[in-house]
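> Protein chains in written order, with the working numbering: chain Z, 1 to 624; chain Y, 1 to 259. We put the CB at the ideal spot given by N, CA and C, even for glycine.
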């Protein structure tokens, strides 16, 4: 057996020596990174050298020259180290990762270039990428905001935020809100487009919850937020950090008055998503952020060359038509005026003058607002019903209005040509002029409706608070239910006390009987047999009454016997009770009386009987 | 003690004289207003009645005359407002009811002439019309009486032992309870507990309802003269109002008359 074992060991050793692992050449990726490319003086920086080595042990890590920094701390981490071999004589692969971190503080301002870190793996030296970091003066940092840039591969959609200087935001490495406006100076009525973005490093784990919307006091607002979700997310790099940029809201704002108007800061809470990066799993992080309020300087329309009357801001065209140029008197003709263009359509008003002989009814106004390329506009259609009252040729004057074009900073008049309506037929009667819609003195129709008669006297009553508003009213309303509740409570307590009394009656009777027996003892000692037996009989009857809840004092012995049997008492006990009572009666009225011994025995018997009566539970009176 | 009594006497006399003087002057204004009305000077009559109202007089005869003068002057929205006020002060006043119906009808006629068609609301909601005939004080007293009776019956039911009496009380209690609940709801309706604001009437035809309390704010809707509204708050020259059909916005104070 021993010999066999030696043979097996030798063959295994031979097999292993014949097939040595074919180790590949050492390889290593060395990446050096720093947590930010800019910092203020005294701000700690985190420099990280990460080595992923294959088929070799990391023997040494030589950082770049850090003489311009104070090293606050250093640590080495080995997040991964394992090896595996391919079966059947394949190669053995060993992989390991080493991370070295330095916490640094720059000693001076300015740009610091960091050369590559050198790492020795399995005797070979590998180099990392170089880095640079800028230590800025805080005052200069304020003047030179962080730059944002779109990644070269990204294809920014039309809703992407602008690149260049990061304005309208408080930069934050995890997430921040940004408000972008297309202009900061505008005229009253001129469109300003504002967009609110959320920048998130990584991605959002949940929909942001807006706890406070951006206020837009002093503006008429038209929502431009795209409905297609694909347009809402893009990517940008800010301060050297890649961000996902979420479009939260886009709106066209039309200032309603001159002055400085503010788009308020939005406030929201959200959470980053769980993700994976080169360091492992990134945990979700909840955050709440407040945006930056942005002010818009709003100017009145220039007074130079301003036409009189209403002036609308934008670009408009106007078109008018009659549904037919000729009509009979009394027939309604539709006069349509369509204004198209860009601007705050809802402000547009077109008034028709009074034309004698034409009854022009109030117009119906329909709006179709659209925003192609985010420029709010569309059309506003006015439709009047025009009823000729008498025959003739009527001229509906040119309709139009003044406009101000902010692009060219000039005024213009937009007008449609005058229209002609020919009416034929007999004149028709009318009771009122529709063009005048102000309250009018009583018409003949009003005279037919009776108002009054006028009240000739008055008591000149003064206003007084109604009863229901008086303080006592509420109290008076609540008093009856409160009184009812108290009375009911008292009644219930009373009933409960009575019930307790009934329940405790036997106990009380037994206590009373014991007192009577004690009294009987003293009577027995004094030799007063008559009184003794009277007390004993009373004690028995009281206990019986308490048990049966009925008086038994007026019953004869025969009736008592019958009654006790009817309430379920054992015959033997009934006989003994009756005998004891009869014996007592006999002794009371006997001329010879009883001896003290006899009375003592009678007392003991009665005491035993009382105990048995106390334990007796009578059947209900009506029970069969 | 004598001095005190003397002082009290003087004070009472002074108060009585002041009251009488006030009543006299109020009566003069009232008579002047009536005179102006009877000679067809409706605007002058309105101004006089308005003096009385603004001095704190809340008399249904005066508000009725004011409504009538407005109606004669063609201010139907104002007329409806003051007739409504009369009904608040004296529920069930037939003249005021007729006045409202007449003013509403004339408003409809005028609107139809101007716009080709008109729709006017002539009948209030069912529960409101039920409550309309009772004053707030009447409903308060009824509520209190029914409340007291209901609980008295409950107490009696609890304490009375006689079966026939208990049966009668058992029938009376739910009836009284039901009546009490109806009276309480009616009182709550009258007190405006189911409304967000104070009742008002639009007093100008085609009055603008704006998005904000500013003349440059966009128009959201228009309100018709005589339309009922709820007055929620006031901001400068504008009032925040709620109208039927979920319309809500800001209107000029002058366009809305609180009832």
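Over what stretch of residues does the beta strand (DSSP E) that includes residue 625 (chain Z) continue unbroken?
Chain Z is shown only over 1 to 624; residue 625 (chain Z) falls outside these bounds and no answer can be derived.
> If you draw a straight line from the alpha carbon of residue 332 (chain Z) to that of residue 405 (chain Z), how long is it in whole angstroms?
For this step, residue 332 (chain Z) is matched to residue 332 along the first chain. For this step, residue 405 (chain Z) is matched to residue 405 along the first chain. Rounded to the nearest angstrom, the two C-alpha atoms are 37 Å apart.
> Just to check my reading of the structure: residue 328 (chain Z) and residue 424 (chain Z) have Cβ atoms closer than 8 Å, yes? What is that Cβ distance to the nearest angstrom?
Taking the first chain and counting its residues from 1, the one referred to as residue 328 (chain Z) is at position 328. Taking the first chain and counting its residues from 1, the one referred to as residue 424 (chain Z) is at position 424. With a Cβ gap of about 6 Å, residue 328 (chain Z) and residue 424 (chain Z) count as contacting.
> Listing by chain order, which chain Y residues have their CB less than 7 Å from the CB of residue 406 (chain Z)?
For this step, residue 406 (chain Z) is matched to residue 406 along the first chain. The premise fails here: residue 406 (chain Z) is roughly 17 Å from chain Y at the closest Cβ pair, so nothing lies under 7 Å.
> From residue 479 (chain Z) to residue 130 (chain Y), what does the alpha carbon distance come to, in whole angstroms?
As a working note, residue 479 (chain Z) is residue 479 in the first chain. As a working note, residue 130 (chain Y) is residue 130 in the second chain. The alpha-carbon atoms of residue 479 (chain Z) and residue 130 (chain Y) are separated by roughly 28 Å.
> How would you call residue 62 (chain Y), buried or exposed, if buried means at least 16 neighbouring beta carbons within 10 angstroms?
For the purposes of this step, residue 62 (chain Y) is identified with residue 62 of the second chain, where counting begins at 1. Buried, since its Cβ has 16 or more Cβ neighbours within 10 Å.
> Could you tell me whether any Cβ in chain Z is nearer than 9 Å to the Cβ of residue 92 (chain Y)?
Counting from 1 along the second chain, the entry for residue 92 (chain Y) is found at position 92. No, its Cβ sits nowhere closer than 9 Å to a Cβ of chain Z.
> Suppose the cutoff is 8 Å on Cβ atoms and the five residues either side in sequence are ignored; what does the same chain contact list for residue 271 (chain Z) look like?
Residue numbering aside, residue 271 (chain Z) sits at position 271 when the first chain is read from its first letter. Same-chain partners within the cutoff: 204, 205, 206, 284, 285, 286 and 287.
> With a threshold of 8 Å, are at least 3 pairs of Cβ atoms found where one atom belongs to the stretch 388 to 399 of chain Z and the other to the stretch 288 to 299 of chain Z?
Contact between the stretch 388 to 399 of chain Z and the stretch 288 to 299 of chain Z is absent, because fewer than three Cβ pairs lie under 8 Å.
> Thinking residue 239 (chain Z) and residue 38 (chain Z) are a contact (beta carbons under 8 Å), I'd like their distance in whole angstroms, please.
For the purposes of this step, residue 239 (chain Z) is taken as residue 239 along the first chain, with counting starting at 1. For the purposes of this step, residue 38 (chain Z) is taken as residue 38 along the first chain, with counting starting at 1. Right, the Cβ-Cβ distance comes to about 7 Å (below 8 Å), so this counts as a contact.
> Can you tell which of Z:202, Z:189 and Z:245 has its C-alpha closest to the C-alpha of residue 258 (chain Z)?
Numbered from 1 along the first chain, position 258 holds the residue referred to as residue 258 (chain Z). Per the Cα distances, Z:189.
> In the DSSP output, which residue or residues are listed as bridge partners for residue 315 (chain Z)?
Working through the first chain from its first residue, we reach residue 315 (chain Z) at position 315. In DSSP, residue 315 (chain Z) forms a bridge with Z:342.
> Taking only three categories from DSSP, how would you classify residue 627 (chain Z)?
With chain Z represented from 1 up to 624, any question about residue 627 (chain Z) goes unanswered, as that position is not in the structure.
> At least one CB of chain Z closer than 9 Å to the CB of residue 196 (chain Y): is that the case?
In the second chain, the residue the question calls residue 196 (chain Y) occupies position 196. False, the Cβ-Cβ gap to chain Z never drops below 9 Å.
> Taking 8 Å as the threshold, find out whether the stretch 108 to 119 of chain Z comes into contact with the stretch 62 to 72 of chain Z through three or more Cβ pairs.
The stretch 108 to 119 of chain Z is in contact with the stretch 62 to 72 of chain Z.
> Tell me residue 135 (chain Z)'s beta-bridge partners as DSSP assigns them.
The residue given as residue 135 (chain Z) occupies position 135 in the first chain. Its beta-bridge partners are Z:39 and Z:110.
> In the DSSP output, which residue or residues are listed as bridge partners for residue 379 (chain Z)?
Within the first chain, numbered from 1, the residue matching residue 379 (chain Z) stands at position 379. In the DSSP output, where bridge partners are listed per residue, residue 379 (chain Z) has Z:340 and Z:368.
> What are the boundary residues of the alpha helix (DSSP H) that residue 521 (chain Z) is part of?
As a working mapping, residue 521 (chain Z) is identified with position 521 in the first chain. That run of the alpha helix (DSSP H) goes 471 to 526.
> For residue 264 (chain Y), which option in Y:98, Y:43, Y:97 and Y:95 has the closest C-alpha, if you only look at C-alpha atoms?
A query on residue 264 (chain Y) cannot be resolved here, the shown segment of chain Y reaching from 1 to 259 and no further.
> Which of the residues in the stretch 455 to 470 of chain Z, read from start to end, lie with their CB under 9 Å from any CB of chain Y?
The residues in question are 455, 456, 457, 458, 459, 460, 461, 462, 463, 464, 466, 467, 468, 469 and 470.
> Taking the beta strand (DSSP E) that residue 187 (chain Z) belongs to, which residues open and close that run?
In the first chain, the residue the question calls residue 187 (chain Z) occupies position 187. Note, residue 187 (chain Z): beta strand (DSSP E), 185 to 187.
> Return the residue from the list Z:46, Z:264, Z:427 and Z:260 that minimises the CA-CA distance to residue 211 (chain Z).
Here residue 211 (chain Z) corresponds to residue number 211 of the first chain, with the count starting at 1. Closest option to residue 211 (chain Z), Cα to Cα, is Z:264.
> Hey, does residue 344 (chain Z) have any beta-carbon neighbour from chain Y nearer than 9 Å?
Taking the first residue of the first chain as position 1, residue 344 (chain Z) is located at position 344. At least one chain Y Cβ lies under 9 Å of residue 344 (chain Z).
> Would you list the one or two residues that DSSP bridges to residue 251 (chain Y)?
The residue labelled residue 251 (chain Y) in the question sits at position 251 within the second chain. The partner list for residue 251 (chain Y) (beta bridge, DSSP) reads Y:239.
> Using a C-beta cutoff of 9 Å, does residue 72 (chain Y) count as contacting chain Z?
For the purposes of this step, residue 72 (chain Y) is identified with residue 72 of the second chain, where counting begins at 1. At least one chain Z Cβ lies under 9 Å of residue 72 (chain Y).
> Going straight from the alpha carbon of residue 484 (chain Z) to that of residue 152 (chain Y), what length do you get?
As a first step, residue 484 (chain Z) must be located in the first chain, where it is residue number 484. As a first step, residue 152 (chain Y) must be located in the second chain, where it is residue number 152. Looking at the two C-alpha atoms, the distance is approximately 7 Å.
> If I measure Cβ to Cβ from residue 365 (chain Z) and keep anything under 6 Å in the same chain, skipping five residues before and after, which residues do I get?
Taking the first chain and counting its residues from 1, the one referred to as residue 365 (chain Z) is at position 365. So the qualifying residues of the chain are 382.
> Cβ of residue 30 (chain Z) within 9 Å of Cβ of residue 127 (chain Z)?
Position 30 of the first chain, counted from the first residue, corresponds to residue 30 (chain Z). Position 127 of the first chain, counted from the first residue, corresponds to residue 127 (chain Z). In this structure, residue 127 (chain Z) lies closer than 9 Å to residue 30 (chain Z) by Cβ.
> Out of Y:57, Y:40 and Y:37, point me to the one whose CA is closest to residue 458 (chain Z)'s CA.
On the first chain, position 458 is the one that residue 458 (chain Z) refers to. Of the candidates Y:57, Y:40 and Y:37, the one whose C-alpha sits nearest the C-alpha of residue 458 (chain Z) is Y:57.
> Does the pairing of the stretch 584 to 599 of chain Z with the stretch 528 to 543 of chain Z give three or more beta-carbon distances under 8 Å?
Counting Cβ pairs under 8 Å, three or more are found: they touch.
> Based on the DSSP secondary-structure assignment, which residues constitute the bridge partners of residue 33 (chain Z)?
The residue labelled residue 33 (chain Z) in the question sits at position 33 within the first chain. DSSP output for residue 33 (chain Z) lists Z:48 as bridge partner(s).
> Taking only beta-carbon positions, decide if residue 181 (chain Y) is within less than 9 Å of chain Z.
Walking along the second chain from the start, residue 181 (chain Y) turns up at place 181. Not an interface residue.
> Run through the stretch 182 to 227 of chain Y for me and flag every whole beta strand (DSSP E) of 3 or more residues, listed as ranges in chain order.
198 to 202, 207 to 210 and 219 to 223, all fully within the stretch 182 to 227 of chain Y.
> Closest to residue 112 (chain Z) by CA distance: which of Z:607, Z:57, Z:66 and Z:482 is it?
Your numbering for residue 112 (chain Z) matches position 112 in the first chain. Nearest C-alpha to residue 112 (chain Z): Z:66.
> Indicate whether at least one CB of chain Y lies closer than 9 Å to the CB of residue 362 (chain Z).
Locating residue 362 (chain Z) in the first chain gives position 362, where the first residue counts as 1. Yes, residue 362 (chain Z) counts as interfacial toward chain Y.
> So, does the CB of residue 233 (chain Y) fall closer than 9 Å to a CB anywhere in chain Z?
Position 233 of the second chain, counted from the start, is the residue given in the question as residue 233 (chain Y). Not closer than 9 Å to any Cβ of chain Z, the Cβ of residue 233 (chain Y) fails to qualify, so no.
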